[in-house]
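Peer 1: Line by line, the protein sequences are chains D and A. Start counting the first sequence at 629; every next residue gets the next number (the working numbering). Start counting the second sequence at 83; every next residue gets the next number (the working numbering). One structure, pasted below without further comment.
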Amino acid sequence: MFGLLGKIVKIEKKEESGLSRFEVSFKAACTLPTRAAVPEWLKDQVLKIDREVVDPRELGNPGDSIVLTPSESARWLYPLTVAPQTAYGELPETLRIDLRWWKSDDPPEYAVRANGRQITGKFTKEDGEFLADIRTGDFYTSQPRLPVSFRITCDKMAAACSVLPDDGPFWTEILPPRGELHRLENEWYAVDVTAKMHAGGVVALFEKGRQVDHFRCPENLIQPTLKNGGHTDRLLRGWGWYDKLNEIAMTCHGARREGNATSLHLDGVVDDGQGIRTSVAYTAFDAFPLITLKREYHVHTLKKDEAKDKEKETAPKEPIDEAMPLKLVFRASWRVEDNGKSGSRALCLDGEKLAVIRTGQTQEIAFAGDWRMRQGWAIVEHPARREYTMYLFDDQAQPSLCVYHGPYGISLEPHWLPVVLKPGDSIGYTLGLTAGELCGASPAGAWVACRTRLSSGGVRCGVVARANAGEENVTFKVGTAERRMNLTKLLAPGLGEVCCAVADFPDATMEDHFDAVVAGIEARRGL
Amino acid sequence: MSIFEPQTYSVDWESAVVDKLDRCVDSERLTGFAGMLHKEFDLPIQTDWNAIEFALGVNSSFAQLWDRVQQVTDRASQVFREYDLDIFPLGSHPTEPMFFGAHVHVGTIHDESAAIHLANCVTRYLPAFAALAANSPASHERKGEFKSYRVRHSARWASTPTFPRDPEVTQETWGTDVLPKLYGAPTIEIRVMDSASSRRLLAEMATFVAAFVHHVGTRMEKRNVTKDEYREYLNNRWTAARYGLQATFAWDGKPRPVTEILDEMLDSCAAELQALGVDRSDFGMIDAMLRKRVCQADYLRDLVERYPDPFQLASVCGKLLRQWDIFDEYLDTAPALEPCPALDNETILAEHLDWVGDGTHFYHLRYPMWYSPSLSDELIAQMVERGLISREVTPNRGTLLHRTDR
């Protein structure tokens, strides 16, 4: 979440009642925490905000900085909004466009585009904001096939209302205030992926049954995107992080349906000079609460530069000169419970034993280079919130454990052993990702279960496990109803065996108590 | 007879420098400014990790040091302002990992063996200096629980607890709270103090520390530090970091407010203060701080509460601390604070227990209070006996601890 850093232009005292109240005029200088450039519409604009202080010197003088919280900054960083941002099943009758701030009393016209039609109009001013109501019927005379999007533009600003199908899997682009995202959605999850940074990252993982975003970050705190909530893939070169990866925007090659799954594909250049390219595919399976992520890095032969080649021809060269040591790492982070004092922790196997990892203090790392996560799984649990996420890895190439505990987030950062690459080589991994409201873990295996609402009423339960498959070895209980079924085995490329089970409870609701036992492993309980 | 001849002292005062985007200026850029000030004042002003280090040369009197502090910082402020920069004098930074200290060099001493014995004698007093100097209540997203996160986290290994040494059986070392520094300068260095926000306080503190160490140097004895004495030092060090001048120390086995101890220390070094051209009555700031039990961190703790976002806090701190005398003003009107209770065994146990999560390596329990191996192992055994933690011995990673109540 970003905050504005402004440079103060003027400070005017307003009133004094215990604390002194001032109106501070400032020009936006950058956004925090990255100190990136401000949006074009803020350039040279004088903005105003009230501040209450004990000592006027807390404000400083003209020319000094002023830092706004993310919520204070929102109306300037993302002035154009639309409500609703997303709707399911059918077109909302109207869209409310809200321009929360403009530099003058005469804002530019808005334009709404959908179904090949464009409507422009003027805002009306109400309570200091500029509003417009748009009838969706002016764009569609009958219910369209979903998803569809109403894209609103105004000057350099853009927003969109996405109308999404309430049944069936799909992929679409959405445009929340903080920028464009790609959404993969099925009946279990809605997964939001950014292609604009980190060479692709997962920004949100909504469990649809409970409407919970497992990757939501702490509110109203200035923090780097994905630091305290989300998934990113990382790369170490020798001893140093390949930080360039954080800035890399990817090209989206759209999504496609194949084999009862929807896959989204991104690719990009990590380092032109070194010939490193990357691609990532996110796949949501229709039948099970499982997402897979397949990340690859390819080392290409460099384009020849004649002048440089001539120089190099004279210098002796050994095969080692082309060697490139790379180490794969990913980082998944979640908002931490109880400021890191209790609750949130990681689970995985350590040899034959179940290991439970939570550092005692914040800003500590639990890392063991020799600790291979046997069976190829790790769970991060937040028991007070009943939120559980399991990552699955290739059980033939298990990474080492690393868990970092910050004051705001806990992160799982598994490391694979470094490899040496040369042009023509590639490396990568496939991850499985499942999130839900119950989990079980033991030396015999691990599972995460979730529920979703059936469109016909009732509840569907699903579990993804890394455990022994078997007959009737899954028991779901929802309210007073109980169902037993087989845990069935899938062979997922890159992951190995993954077990799944799904059961419907037509008379149940999401409010009913949910319990499960999977492959003889009980659900974990308590804080 | 003093082991210091002549009696001199200095201070290496570290501070961040920030621009108008609230960024800390990096070491590389600061090098140029340090070089310029070094040349102008003929003082060894240098840089550390993203910090300017005002090393104030060899001083023989309070007046000389106070004059240098003012001249150097006035000029430095002017030079920095030409680049829209401000000095950020604090023991830590709310969003950055660096810690900043005010290291006092006490000289002149040429006998390293004597300096090592002296360090052993001075050790028990170091927590009192830490309490007086506490000025890092917000550090790299940590805040609120300690008045000196710098001491609590041992300045990222740049000011770790000292340990008894015997000149017959020791080697060169670095980074402890007190440190004979003869390999660099003929001084013994006291590193435990946080960087000061107030110039006047810096000068008073440095002079007090120097005079006190000079004083100990007149009655130094070769002595062994007992296990109980060492534990007292470590406990008091933690208490100082936590409570600043509200701390109640264990002193010869009995609870004593740190302000009383400092008061006594000031009186004891009256002759050495005089040798540096000053009387304790000239230490107006220290006197007021002891009377009120208020340290610099207490001024900042109010800001920490009012500005919960670390970036906002950093911005506000920068604008207040550049005033130099903001704490001096605060001290005039600050209410007196009450002493906090002395550390008892249950608190010690709770603090160590707080460092145990699930699968915590037993060695982490060396760091809550930096207990020695035997003390730390005793505590672990106590916690296991009480059922607060369980101990697991693994073949690869050694002993792991698990908290049983979370």
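Every residue gets a Cβ at the ideal spot worked out from N, C-alpha and C, and that includes glycine.
#1: Using alpha carbons as the reference points, say which of 1035/D, 1001/D, 1029/D lies closest to residue 1022/D.
#2: If contact is defined by three or more beta carbon pairs under 8 Å, each pair taking one atom from either stretch, is the stretch 740 to 747 of chain D in contact with the stretch 827 to 846 of chain D?
#3: Looking at the C-beta of residue 989/D, does it have a partner C-beta in chain C at a distance below 7 Å?
#4: Just reading off the alpha helix (DSSP H) that residue 430/A is part of, what are its end residues?
#5: Considering only C-alpha positions, which residue in the set 151/A, 262/A, 92/A, 95/A is nearest to residue 200/A?
#6: Indicate whether at least one CB of chain A lies closer than 7 Å to the CB of residue 996/D.
#7: Between the stretch 138 to 154 of chain A and the stretch 88 to 95 of chain A, are three or more C-beta pairs nearer than 8 Å?
#8: Can you list, in chain order, the stretches of the alpha helix (DSSP H) that have 4 or more residues and sit fully within the stretch 919 to 988 of chain D?
#9: Where DSSP assigns a beta bridge to residue 653/D, which residues make up the other side?
#10: Taking all protein chains shown into account, decide if residue 236/A is buried (16 or more other Cβ within 10 angstroms of its Cβ) or exposed.
#11: Spell out whether any CB of chain A is found under 7 Å from the CB atom of residue 685/D.
#12: Could you give the distance in angstroms between the alpha-carbon of residue 971/D and the alpha-carbon of residue 1011/D?
#13: Whole-angstrom Cβ separation of residue 1058/D and residue 853/D, contact assumed at under 8 Å?
#14: At the 7 Å Cβ level, is residue 393/A part of the contact set with chain D, yes or no?
#15: So residue 119/A and residue 138/A are in contact, right, with Cβ under 8 Å, and what is the actual spacing, rounded?
#16: Apart from the five residues just before and just after residue 104/A, which ones in its own chain have a Cβ nearer than 6 Å to its Cβ?
#17: Have a look at residue 351/A and residue 415/A and give me their C-alpha separation to the nearest angstrom.
#18: Measuring alpha carbon to alpha carbon, tell me which residue in 227/A, 345/A, 182/A is nearest residue 279/A.
#19: List the DSSP bridge partners of residue 1102/D.
#20: Of the residues 705/D, 758/D, 699/D, which one's Cα is nearest the Cα of residue 655/D?
#21: Rounded to whole angstroms, what is the Cα-Cα separation between residue 1098/D and residue 1130/D?
#22: Please go through the same chain and pick out, in chain order, the residues whose beta-carbon is closer than 7 Å to the beta-carbon of residue 997/D, but skip the five residues on each side of it.
#23: Can you pull the chain D neighbours of residue 217/A, defined as C-beta to C-beta under 7 Å?
#24: Identify each residue in the stretch 432 to 451 of chain A for which the Cβ-Cβ distance to at least one residue of chain D is less than 7 Å, and report them in chain order.
#25: If you count every other CB in all the chains shown that lies within 10 Å of the CB of residue 777/D, and 16 or more means buried, which is it?
#26: Does DSSP put residue 274/A in a helix, in a strand, or in coil?
#27: By DSSP, does residue 1108/D sit in helix, in strand, or in coil?
#28: Between the alpha carbons of residue 204/A and residue 449/A, how many angstroms are there, rounded?
#29: May I ask you to list, following chain order, the residues of the stretch 381 to 410 of chain A that have a beta carbon less than 7 Å from some beta carbon of chain D?
#30: Pull up the DSSP beta-bridge partners for residue 412/A, would you.
#31: Among 453/A, 451/A, 435/A, 452/A, whose alpha-carbon lies nearest the alpha-carbon of residue 473/A?
#32: When Cβ atoms are compared, which residues of the stretch 844 to 860 of chain D fall closer than 8 Å to chain A?
#33: Do residue 422/A and residue 315/A have their beta-carbon atoms positioned less than 7 Å apart in this structure?
#34: Using the beta-carbon count (16 or more within 10 Å), is residue 296/A buried or exposed?
#35: Within this structure, are the beta carbons of residue 988/D and residue 439/A separated by less than 7 Å?
#36: Whole angstroms is fine: what's the gap from residue 1108/D's alpha carbon to residue 1062/D's?
Peer 2: Short version:
#1: 1001/D
#2: no
#3: No chain C appears in this structure, whose protein chains are D and A.
#4: In the DSSP annotation of this structure, the continuous segment of the alpha helix (DSSP H) that includes residue 430/A starts and ends at 427 to 435.
#5: 262/A
#6: Yes, residue 996/D counts as interfacial toward chain A.
#7: yes
#8: 934 to 942
#9: 638/D, 676/D
#10: buried
#11: yes
#12: 6 Å
#13: Between residue 853/D and residue 1058/D the Cβ distance is about 24 Å, and since that is not below 8 Å, they are no contact.
#14: yes
#15: About 11 Å; that fails the 8 Å criterion.
#16: 396, 397
#17: For residue 351/A and residue 415/A, the distance between alpha carbons rounds to 29 Å.
#18: 182/A
#19: BP columns for residue 1102/D point to 1113/D, 1146/D.
#20: 705/D
#21: 14 Å
#22: 1028
#23: Neighbours of residue 217/A on chain D: none; closest Cβ ~18 Å, over 7 Å.
#24: 436, 437, 438, 439, 440, 441, 442, 446
#25: buried
#26: coil
#27: coil
#28: In a straight line, the C-alpha of residue 204/A is about 22 Å away from that of residue 449/A.
#29: 391, 393, 394, 397, 398, 401, 402, 405
#30: DSSP lists no partner for residue 412/A.
#31: Among 453/A, 451/A, 435/A, 452/A, the Cα nearest to that of residue 473/A is on 435/A.
#32: 848, 849, 850
#33: no
#34: buried
#35: yes
#36: 26 Å
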